[in-house]
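Mapped onto our numbering, the consecutive letters of the sequence shown carry residue numbers 1414 to 1549.
Ideal Cβ positions, reconstructed from N, Cα and C, are used throughout, including at glycine.
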Amino acid sequence: MDISLGLRSLLFVGGFVISSCALIDTYVDAPGVDIERIATTTGSIASASFMEDRYGFYLRGSVRPRSINKIPLSGHIDIAITGPDGASTKCMTTRHRNPPRKVRRPFFVRFEKLPEPGSVVRVWHHGGAIHNGCVT
Ligand SMILES: [Zn+2]
């Protein structure tokens, strides 16, 4: 019995499992990063968490509209990332629109990398037109 052959095929199976995991979206724990979900006049953020797929990291979440959902929820999601020093803030926006009385559609925001530990990520829904910079 060749033990090394058995070990090699075991490693092969292990490698296969790891690479196939990379093809599906997985939840990512961003250590020391605080995600604050902020309620606005148009809606509140029902959920927000970091995910990873084969293209990299993204923030995924959903919005709960403030009014009973008779009209489509229009607008966008604003994301403000404040670094561990508390001084620098980077803002991002992503379009988000939810049809009335439908299952909440998630929003997605791509990140080049996860925020550093100690960062605060604030997320809110904004009913206005899309814009540059941090506007609440
Ligand atoms: Zn905005």
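Spatial distance of ARG1479 from PRO1444 (CA atoms) | Position 66 of the sequence shown, counted from the start, is the residue given in the question as residue 1479. Position 31 of the sequence shown, counted from the start, is the residue given in the question as residue 1444. Each residue's alpha carbon lies about 31 Å from the other.
Starting from VAL1533, follow its DSSP beta bridges and name the residues at the other end.
-> Residue numbering aside, residue 1533 sits at position 120 when the sequence shown is read from its first letter. Paired residues: ASP1447 and THR1495.
Check the C-beta distance from GLY1521 over to THR1502 and give it rounded, since I have them as a contact under 8 Å.
-> Taking the sequence shown and counting its residues from 1, the one referred to as residue 1521 is at position 108. Taking the sequence shown and counting its residues from 1, the one referred to as residue 1502 is at position 89. Position check: residue 1521 holds Phe in this sequence, whereas Gly was assumed. Contact doesn't hold; Cβ gap of about 21 Å is too wide.
TYR1440 (DSSP reduced to helix, strand or coil) = Numbered from 1 along the sequence shown, position 27 holds the residue referred to as residue 1440. TYR1440 falls in the strand class under three-state DSSP.
Straight-line Cα distance separating PHE1524 from ALA1493 = If you number the sequence shown from 1, residue 1493 lands on position 80. If you number the sequence shown from 1, residue 1524 lands on position 111. Each residue's Cα considered, the two are about 12 Å apart.
Per-residue DSSP class, three states only, for CYS1434 = By one-based count along the sequence shown, residue 1434 stands at place 21. Its pLDDT being 47, under 50, CYS1434 is placed unreliably by the model, and nothing is read from it.
Hey, could you find the ends of the beta strand (DSSP E) ALA1452 is sitting in?
-> If you number the sequence shown from 1, residue 1452 lands on position 39. Segment: none, ALA1452 is in no beta strand (DSSP E) and carries neither H nor E.
Within 6 Å: the Cβ of HIS1539 and any heavy atom of ligand 1?
-> Position 126 of the sequence shown, counting from 1, holds the residue named residue 1539. Yes, Cβ of HIS1539 sits closer than 6 Å to a heavy atom of ligand 1.
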